[in-house]
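Working notes, beginning with the structure itself.
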Ligand SMILES: [Fe+2]
Ligand SMILES: [Fe+2]
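Residue numbers (my numbering): 1 to 389.
What follows is the structure in structure tokens.
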């Protein structure tokens, strides 16, 4: 497409002279002419110009007015403008350049000069336009790549979580439902959108540490012994370690001093893993301090883990097990209510109460068609205080 240039001057003879010269030169440019700033603005609204040549002094609105209007919108801000004047004051050049003009030429103009300047500003603008296009293209690619990465990250998280679930009593949709419950609770409590999205992604990893529990304990039929229970409870620390594995790798490679720095860097740079690790470690802690592995209580338990604790137990109660039918929503609600301020953070419980219907909907939406393959006694938290949700 040929370059488009607009000439603005209230002197019709000047514009005619330009037109004659241009015809003689037979350039590949396309020309437009305007006798006033208003007429120029009208054309600028319709055509994307590559350069504007404008007189400074015009009746009513002058060249300065045109410059400030052009500078005021992003669409026209970068159009090169060459100003023309019959005024030889030195300060005028500085003034028009300050207002955003590209150059100032004195009248009567040497037309070769004008066209040489036009060639130069059009070339410059073409470079700028192509740079801008490349930048937009790059940004678009980065956006697409980021979205692909987000999708694969979610995919990896869900697959990783399922790897743990395969060995356990729970069935595939448990982790998905827990993520959804957590998101609802976080929203209801008033957590930020970033936290809400992060807990949706991080909560499915809460039991990833079960990968490290021996089959004879994880899949044991019947009640666990005290020592077996202690081993089972290690899934919290195993999970937290798995999620911070990168830190351990660095520990092997680097000096003690570097190791500490690396932990900080990794924790700071990957908030999702930091939250997932905290959840894995503390999702069996209880509000009243009766949980494990550290017997944390109240606000010492990370907020995300307090949310996951309730979501996980609700889902365990609603789910079928070989030793029990799934509990109804009302029964699960009643059991959880009894644990307000004991197992569960009262604030999280209140959010759950408000959103209880949504929990029921999610459970129906992602219902499991097959029963869990594990056994039951170790999942009976309120009778045995030994739940592995
Ligand atoms: Fe667990
Ligand atoms: Fe669970």
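Backbone N, C-alpha and C define an ideal beta-carbon position, used for all residues, glycine too.
Given the structure is predicted, the values throughout are model-derived calculations rather than measurements.
Open item on the list: To test your reading of the DSSP string, which unbroken beta strand (DSSP E) runs of 3 or more residues are found completely within the segment 114 to 195?
Closed with: none
Task: Own chain, CB closer than 7 Å to residue 10, minus 5 neighbours either side, in chain order - done: Residue numbering aside, residue 10 sits at position 10 when the chain shown is read from its first letter. Contacts found: 35, 36, 55, 58 and 59.
Open item on the list: Pairs of beta-carbons, one from the segment 16 to 28 and one from the segment 39 to 46, closer than 8 Å: are there three or more?
Closed with: no
Task: Buried or exposed (CB count within 10 angstroms, at least 16 for buried), residue 179 - done: Position 179 of the chain shown, counted from the start, is the residue given in the question as residue 179. Buried, since its Cβ has 16 or more Cβ neighbours within 10 Å.
Task: Terminal residues of the alpha helix (DSSP H) in which residue 106 lies - done: Looking up residue 106 in the chain shown gives position 106. Segment 103 to 106 is the beta strand (DSSP E) holding residue 106; no alpha helix (DSSP H) there.
Task: Cβ separation of residue 210 and residue 219, assumed to be a contact under 8 Å, to the nearest whole Å - done: Translated into positions along the chain shown, residue 210 becomes position 210. Translated into positions along the chain shown, residue 219 becomes position 219. Not quite, the Cβ-Cβ distance comes to about 10 Å (not below 8 Å), so this is no contact.
Task: Sequence-distant residues of its chain with Cβ nearer than 8 Å to residue 356 (five each side left out) - done: To locate residue 356, count along the chain shown from 1; it is residue 356. Result list for residue 356: 329 and 333, in chain order.
Task: Beta carbon of residue 49 nearer than 8 Å to that of residue 79 - done: Your numbering for residue 49 matches position 49 in the chain shown. Your numbering for residue 79 matches position 79 in the chain shown. Yes; because the gap between Cβ atoms is below 8 Å, this pair is in contact.
Task: C-beta atoms of residue 175 and residue 204 nearer than 8 Å - done: On the chain shown, residue 175 is found 175 positions in, with the first residue counted as 1. On the chain shown, residue 204 is found 204 positions in, with the first residue counted as 1. Their beta carbons are under 8 Å apart, which means residue 175 touches residue 204 by this criterion.
Task: For residue 7: DSSP bridge partner residues - done: Numbered from 1 along the chain shown, position 7 holds the residue referred to as residue 7. According to DSSP, which records beta bridges pairwise, residue 7 is partnered with 33 and 53.
Task: Cα-Cα separation, residue 3 to residue 30 - done: Here residue 3 is taken as the residue at index 3 of the chain shown, counted from 1. Here residue 30 is taken as the residue at index 30 of the chain shown, counted from 1. Taking the straight line from one Cα to the other gives about 6 Å.
Open item on the list: Closest to residue 106 by C-alpha separation, out of 118, 100 and 88, would be which residue?
Closed with: Looking up residue 106 in the chain shown gives position 106. Per the Cα distances, 88.
Open item on the list: By the three-class DSSP mapping on this structure, what secondary structure does residue 231 have?
Closed with: Locating residue 231 in the chain shown gives position 231, where the first residue counts as 1. Three-state DSSP puts residue 231 in a helix.
Open item on the list: Can you give me the C-alpha to C-alpha distance between residue 94 and residue 198, rounded to a whole angstrom?
Closed with: As a working mapping, residue 94 is identified with position 94 in the chain shown. As a working mapping, residue 198 is identified with position 198 in the chain shown. Cα to Cα, residue 94 sits roughly 54 Å from residue 198.
Open item on the list: To test your reading of the DSSP string, which unbroken beta strand (DSSP E) runs of 3 or more residues are found completely within the segment 283 to 309?
Closed with: none
Open item on the list: Does the structure place the segment 95 to 104 close enough to the segment 68 to 77 that three or more beta carbon pairs sit under 8 Å?
Closed with: Contact annotation: the segment 68 to 77 touches the segment 95 to 104, with at least three C-beta pairs closer than 8 Å.
Open item on the list: DSSP three-state label for residue 395, please.
Closed with: Here the chain has residues from 1 to 389 only, and residue 395 is not among them.
Task: Alpha carbon of residue 324 to alpha carbon of residue 316, nearest angstrom - done: What you label residue 324 is simply residue 324 of the chain shown in a count that begins at 1. What you label residue 316 is simply residue 316 of the chain shown in a count that begins at 1. Those two C-alpha atoms are separated by around 11 Å.
- [ ] Given a cut-off of 8 Å, decide if residue 307 and residue 182 are closer than it, judged by their beta-carbon atoms.
- [x] Stepping through the chain shown from its first residue, residue 182 is reached at position 182. Stepping through the chain shown from its first residue, residue 307 is reached at position 307. Their beta carbons are under 8 Å apart, which means residue 182 touches residue 307 by this criterion.
- [ ] Check residue 224 in the structure and name its three-state DSSP category.
- [x] Residue numbering aside, residue 224 sits at position 224 when the chain shown is read from its first letter. Residue 224: coil per DSSP, three-state reduction.
Task: Closest Cα partner of residue 8 within the set 288, 84 and 45 - done: Taking the chain shown and counting its residues from 1, the one referred to as residue 8 is at position 8. Checking every option, the nearest Cα to that of residue 8 belongs to 84.
Open item on the list: Quick check on this structure: which residue in 112, 311 and 64 has the alpha carbon closest to the alpha carbon of residue 92?
Closed with: What you label residue 92 is simply residue 92 of the chain shown in a count that begins at 1. Of the candidates 112, 311 and 64, the residue whose Cα lies closest to the Cα of residue 92 is 64.
Open item on the list: Which residue wins for smallest C-alpha separation from residue 53, given the options 200, 117 and 90?
Closed with: Here the question's residue 53 lines up with position 53 in the chain shown. It is 117 whose Cα lies nearest to the Cα of residue 53.
TODO: In angstroms with no decimal places, state the Cα-to-Cα distance between residue 20 and residue 12.
DONE: Here the question's residue 20 lines up with position 20 in the chain shown. Here the question's residue 12 lines up with position 12 in the chain shown. So the two alpha carbons sit approximately 12 Å from each other.
Task: Contact under 8 Å by Cβ, residue 363 with residue 309 - done: In the chain shown, residue 363 corresponds to position 363, counting from 1. In the chain shown, residue 309 corresponds to position 309, counting from 1. Going by C-beta atoms, residue 363 is not nearer than 8 Å to residue 309.
Open item on the list: Looking at ligand 2, does it come within less than 7 Å of residue 174, judged from the CB to the closest heavy atom?
Closed with: Position 174 of the chain shown, counting from 1, holds the residue named residue 174. Yes, the beta carbon of residue 174 sits closer than 7 Å to at least one heavy atom of ligand 2.
Task: Three-state secondary structure (DSSP) of residue 99 - done: If you number the chain shown from 1, residue 99 lands on position 99. Here residue 99 sits in coil by DSSP.
TODO: Would you list the residues sitting across from residue 84 in a DSSP beta bridge?
DONE: To locate residue 84, count along the chain shown from 1; it is residue 84. The secondary-structure analysis by DSSP pairs residue 84 across a beta bridge with 55 and 105.
TODO: Note the first and the last residue of the continuous alpha helix (DSSP H) segment covering residue 17.
DONE: Working through the chain shown from its first residue, we reach residue 17 at position 17. Counting along the chain, the alpha helix (DSSP H) containing residue 17 begins and ends at 12 to 25.
- [ ] Look up residue 342 in the DSSP assignment and say whether it is helix, strand or coil.
- [x] As a first step, residue 342 must be located in the chain shown, where it is residue number 342. Three-state result, residue 342: coil.
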